[in-house]
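Under this note's numbering, the residue at position 1 of the sequence shown is numbered -18, and the numbers go up by one with no gaps.
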Amino acid sequence: IGGVYLFSNHRGCDGDRIYYDGSSSIAQNGKLYAQIHQFDIEDTCVATAVLDLNETILYRGKNSSNRYE
-18 IGGVYLFSNH
-8 RGCDGDRIYY
2 DGSSSIAQNG
12 KLYAQIHQFD
22 IEDTCVATAV
32 LDLNETILYR
42 GKNSSNRYE
């Protein structure tokens, strides 16, 4: 379908049996642009990426033209 996806995950333990790996990521149109390392020891990690939103519009337009006959 295409789009910009920002995924953020907690890092640490919930005090019981669940441990969150902290693997956050930024993706556009199926391509991964940035990802935080899993199980990092830092309290806070920041990922940045510069994305062209016009690429998403073009990607969606290209794929939608194939649906109609």
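Every residue gets a Cβ at the ideal spot worked out from N, C-alpha and C, and that includes glycine.
For Ala28, I'd like the list of residues in its chain whose CB is within less than 8 Å of its CB, leaving aside the five on either flank, ordered along the chain.
In the sequence shown, the residue the question calls residue 28 occupies position 47. These residues qualify, in order along the chain: Ser5, Ser6, Ile7, Ala15, Gln16, Ile17.
For Gln9, count neighbouring Cβ atoms within 10 angstroms of its own Cβ and tell me buried if that reaches 16, exposed if not.
Looking up residue 9 in the sequence shown gives position 28. Buried, by the Cβ-count rule.
Assigned secondary structure, Gly42 (DSSP; H/G/I helix, E/B strand, else coil)
For the purposes of this step, residue 42 is taken as residue 61 along the sequence shown, with counting starting at 1. Helix, per DSSP.
What is the rounded straight-line gap between the Cα of Lys12 and the Cα of Glu36?
Position 31 of the sequence shown, counted from the start, is the residue given in the question as residue 12. Position 55 of the sequence shown, counted from the start, is the residue given in the question as residue 36. Their backbone Cα atoms lie some 12 Å apart in a straight line.
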